[in-house]
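Residue numbering for the sequence shown follows my numbering, starting at 279 and increasing by one per position.
Ideal Cβ placement from N, Cα and C applies to all residues, glycine included.
Quick notes on the structure that follows.
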Amino acid sequence: MNRYLICFCLFLSMVNSHTFFAQEIEIIGKISDSLTAVPRANVILKREDKIIAFSISDLYGSYKITNSITKNDNLLLEISALGYSKKQIYIKNLLKDTVINIKLKTRTTHLKEVILTGKKNIQEKDTINYSLKKYTNGSEEYVEDLLKKLPGLTIEKDGKIKYEGIEIKKLLLDGDDLFSKQYTIGSKNISAEMVDSIQTIKHYLENPLLKNIKGSNDIAINLLLKKGISELSGNAKIGYGYKDRRNLHLTPFFLNSSTKAFAVVSYNNLGEDKSPFLTKQNSQEKIIYLGNFSSNLKNKYQLRNNSLFTNLSVLHRFNKKLKLNVKLNYHRDQLNRKSLRNEFYDFGDSKLELIETNKIRKMPKIYDAEIKLNYLKNNFSYLYTSNLYNNEENYNSIYNNNGVLQNISLESKSCNLKQDLVATYKLDQKQALEVKINHTTNKLDQELVAQKSIDLTNPTLPNFQNLEYLPEKFLSELKYFKAFKKAKIHSSLNYKYDKNTIYSSQTQTLLEKERYLQKIKDLSLDIKLNYKLNKFYKLNIKTEAHQIKQNNFFQNTANRFQSCFANYNLNITRNLTRRAKVIIGHSLEQEKPALRYLIPQKILIGERTELVGNVPFQLIKTFSYNLTYNFNDFYNLFKFFSQIKYQKSGKTFVNDREIDTQANLINYQIVDRSNQNFEIILNIEKFLYPISTTISSNSQWGWRQSYSLFNNSGLNELNSRNLMLNLKTRTDLFNKQLGFSQEVNYFVSDYKLENFGKNQFESLNYSNILSLKDFPKNFILQFESDWYWPNLSSNANYLFTNLSLDYIPAKAKFEYQIQINNLSNIKRYERTDVNDILRSKYSYNLLERSILGIIRYKF
């Protein structure tokens, strides 16, 4: 019996030798061609013609394969990618983890036209590949129009792109970053026809050396361009119409094996914003800011502009190791608005009414240049970035304040130079070192002239406010990254030096300026830990230890502050299923007060408003708690997101306001009272494939407790509540010949001030777009309407309508369009604003009806 048992065991050992003698072996490497990495390449590992492992290279060409292998195995590594010749590598006597880098050769193949269709998107690890044909109908002009229709993506009014509520980090072209942080240049100007498919990349890392070593929550969108694009291609559009309306848009694109270049020339007076600058105040904080043209209306209804924007973005690869990015921007505009504001203040025992008419003109001029040099060789990378930003801005306003004709003008000049140096060394496959140095200097000159009466019968001398703001920042960071099997650690030793100098004078004769100087030194140690306990639990911890020294000097008086403190952030993730997870978070942040709270000089910041800070420098503690539930069934296109957030700060900044008919004085104070915020968010999105319909709902409710102080009223508790409801549907029927989308927005806000009354208002907005394609053939008709009811307690409401008719001949280079904006010719709009003691009605003029004939040319 023993003999048979021994024979049986020997038989099992021979048959299952891999089970007894095999060991886990990891093969990693990078796939590239003669110049760059090759993403989405298929990597197959075979043993005796049987596939034992499979992988796909990521955006940087990196791949990893793991399997049980013995010493005597004869292995075959097979690599294939679209447009490249297949490569096979035979492997013998593989005893340990190894690195195999692969270089592919391009292949030229002539194919007949192939049409691919698919019902489902594809998700591969952290990359989502969208099937564009499922969501688009051919009416999309720019990339931004494509992104608006994709699940999970939203476009905000200023052009920011968000995926599941988080703003993206980069917009890439075939894996290359042409636009840096100004990605709206690409989303607003690249033609939709150039894009073959779109990818959303989670856990995006700009530096490929840190792949699988550093944790990241960044998101990038990658635009995969259509194959066969010639070296020089692009689009040109010219339009002219009724009342001298003009629209010129030129976007050439150059592409070869070593260079990508994209350019924009855009001019219009239709309210269109093709630049990344219009809705942004500046790259640096301004002390005086006038001319806010914000509105809840779309820009094409309210933005009276005369805009010129030019851009050149170039990426050139000198070789496989070295590449250069150059980005040049120029933007000039002239913005105009005529407005009427009625302000009603309720102080309890008294009331105040202010009536102000205003004629505003604002003329910004921006020069922006950036150079980025990137060197990557083996385990070392070097990145140098230099950005020069120059902004010149003139503002002028003639206004009537309660019957007194007044004038104010502001001239601002800003020049900002920012330089970054980042060096990374990959010690091995599990750890890396990084050194980062940043130096930023800025010079901001602002001169404000305010004349409180320009009436010829009773003129007054003008008041002057002259400011020179000189901020300087230096930052150095030494970082260490370490990856374990279940954890990633990121530690950083940082030194930050801030120097802020302000020269200010406020006299009629511009006498000697007052000088305020602030210096802040911050030495800190940061540690981040991402730990995966098991398939159910994941832990994220971030801790910061700071030693800070602050000195400020004003009028021969010095104030000093020194402290050691710690911040932390803790998140625990529980994976309920493959698609559902719960996240519990808690954090403590101790933050420095903003500079505007500290400035002791009295500064004229508006037509009738003066500001003084003089708050003692101190740290403000804020505790935060959040609970998140996220369900994402990407294959069936259903998403459910809910979140509860609560914040409480130890102290509160209060604006002590002195308000009368002639002027407002704002005096910042800090009080020993808690400031609290509570917020609930609920987002749902579902795509119904049988009827080609996307339904999404976004709602948000918030409560805030703060404090109010005005006209010696004493400190009063202020409770405010806001509710926002948003519902969107989009449908494409009859083979996408009929498209219909609609959106409803409801907003309600109320303020309850202790010992005073209650302010509340509600608004409603309904928008829809109807598009008909090939009725008749080669024509696209699009009708758009926007209905605004800015105050539901008032009968005033506004219905805007737009109409466009496109003729797109098959396989033709020219396309034609008739475009009518504001068909109902609404000339003025009024909205309501409320806060603790103020209820105001604000009305302004709009862009009148415009009719344009447009010709587009594809080259």
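- Counting the other Cβ atoms within 10 Å of the Cβ of Ala1090 gives fewer than 16, which makes it exposed.
- In the structure shown, Glu670 adopts extended strand secondary structure according to DSSP, grouped into three states.
- Scanning Gly437, Thr835, His768 for the CA closest to the CA of Arg793 turns up Thr835.
- With 16 or more other Cβ atoms from the protein chains shown falling within 10 Å of its own Cβ, Asp551 counts as buried.
- Per DSSP, the unbroken alpha helix (DSSP H) holding Leu424 starts and ends at 421-425.
- Rounded to the nearest whole angstrom, the C-alpha separation of Gln921 and Glu442 is 12 Å.
- Each residue's CA atom was taken as its position, placing Ile805 and Glu1032 some 44 Å apart.
- Going by C-alpha positions, His768 is about 6 Å away from Tyr758.
- The bridge partners DSSP lists for Phe625 come to none.
- Here Ile881 is buried: its Cβ has 16 or more other Cβ atoms, across all protein chains shown, within 10 Å.
- According to the DSSP assignment, Thr930 belongs to the beta strand (DSSP E) that extends over 930-937.
- In the DSSP assignment, Tyr579 falls within the unbroken alpha helix (DSSP H) covering 577-580.
- In this structure, Ile638 sits near Ser675, with a CB-CB distance shorter than 8 Å.
- Between Phe895 and Phe843, the C-beta gap is not smaller than 8 Å, which leaves the two residues out of contact.
- In the DSSP assignment, Thr537 falls within the unbroken beta strand (DSSP E) covering 537-546.
- If the five residues before and after Leu431 are omitted, its C-beta is found closer than 6 Å to the C-beta atoms of Leu425, Tyr441, all from its own chain and listed in chain order.
- Counted as a single uninterrupted DSSP element, the stretch harbouring Ser553 is not any beta strand (DSSP E), since DSSP gives it neither H nor E.
- Of the candidates Lys899, Asn910, Leu848, the residue whose Cα lies closest to the Cα of Leu854 is Asn910.
- For Asn467, the enclosing alpha helix (DSSP H) has its first and last residue at 462-467.
- Residue state for Leu905 is assigned as strand, using DSSP reduced to three classes.
- Here the alpha carbon of Arg1134 sits roughly 22 Å from the alpha carbon of Arg1127.
- Looking at the DSSP output, His717 sits in a beta bridge with Gln697, Phe752.
- Per DSSP, the beta bridge partners of Gln954 are Lys926, Gln983.
- By the Cβ neighbour-count rule, Pro317 is buried, with 16 or more other Cβ atoms within 10 Å of its own.
- Note: Glu869 is bridge-paired with Ile898 in the DSSP secondary-structure output.
- If the five residues before and after Ile433 are omitted, its C-beta is found closer than 7 Å to the C-beta atoms of Glu422, Leu425, Lys426, Ile439, all from its own chain and listed in chain order.
- For Glu1126, the three-state secondary structure derived from DSSP is coil.
- In the structure shown, Ile969 adopts helical secondary structure according to DSSP, grouped into three states.
- In the same chain as Ile491, and ignoring 5 residues on each side of it, the C-beta atoms closer than 6 Å to its own belong to Ala710, Phe759, Ala761, in chain order.
- Between Gln1097 and Asn513, the alpha-carbon positions lie close to 18 Å from each other.
- The C-alpha of Ile444 is placed about 47 Å away from the C-alpha of Asn352.
- Under DSSP, Asp454 takes part in a beta bridge, and its partners are Leu451.
- Val321: member of the beta strand (DSSP E) spanning 320-325, first to last residue.
- Beta bridge pairing from DSSP links Pro642 with Glu671.
- Asp804 carries a strand assignment under DSSP once its states are collapsed to helix, strand and coil.
- In the pairwise beta carbon analysis, the stretch 574-581 is classified as not touching the stretch 689-702: fewer than three pairs are separated by under 8 Å.
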